[in-house]
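Each residue of the sequence shown is one higher than the last, beginning at 1 in full-length UniProt numbering.
Quick reminder that beta carbons are idealized off the backbone N, C-alpha and C, glycines included.
In this text, all values refer to a predicted model and were calculated from it rather than measured experimentally.
Here is the structure we will look at, set down as structure tokens.
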Amino acid sequence: MVFSKSYCPYCTKAKKVLEKYPIVSGQYEVIELENRDDCNQIQEYMKQLTGASSVPRVFINGVSIGGGDDTARLDSNGQLGKKLEECQALAPRI
Numbered sequence: 001m002v003f004s005k006s007y008c009p010y011c012t013k014a015k016k017v018l019e020k021y022p023i024v025s026g027q028y029e030v031i032e033l034e035n036r037d038d039c040n041q042i043q044e045y046m047k048q049l050t051g052a053s054s055v056p057r058v059f060i061n062g063v064s065i066g067g068g069d070d071t072a073r074l075d076s077n078g079q080l081g082k083k084l085e086e087c088q089a090l091a092p093r094i
């Protein structure tokens, strides 16, 4: 799950990284906050939960992995794919 704002370059970065993976339908959701009435409340909750209210906030299997740079770093070192495999979020290889 990605908490995002559509105009944010770091959000775009995180979403592009995640789009490289064959994530099973229903296992990937992007919530664009800027048009939501509860945007501020969600960001405040993110701050309580993760220590940061900035976007993006990326979660895999309910665990925060950080923001855009964190997602890209996990991708480049192979850890992102492993995390997605561990929670069975990736489509099976044929």
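Who are residue i's beta bridge partners in DSSP?
i	result
V30	V2
S64	F59
I42	Answer is none; I42 lacks a bridge partner.
L90	I23
The alpha helix (DSSP H) with residue i in it runs from where to where?
i	result
V17	P9 to E19
Q79	Q79 to E86
Apply the 10 Å Cβ neighbour rule to residue i and answer buried if 16 or more other Cβ atoms are within range, or exposed otherwise.
i	result
K82	exposed
L49	exposed
G51	exposed
G67	buried
C87	exposed
How many whole angstroms separate the CB atoms of residue i and residue j, which I take to be in contact at a CB cut-off of 8 Å?
i	j	result
V58	A14	5 Å
Y7	L18	The Cβ separation is near 18 Å, so there is no contact.
Short of 8 Å in beta carbon distance, which residues of its chain neighbour residue i, apart from the five on each side in sequence? Order them along the chain.
i	result
L33	F3, S4, K5, C39, I42, Q43 and V55
S53	Q43, E44, M46 and K47
Ignore the nearest five residues each way along the sequence and tell me which others in residue i's own chain have a CB closer than 6 Å to its CB.
i	result
I60	K83
Suppose the cutoff is 7 Å on Cβ atoms and the five residues either side in sequence are ignored; what does the same chain contact list for residue i look like?
i	result
D75	V17
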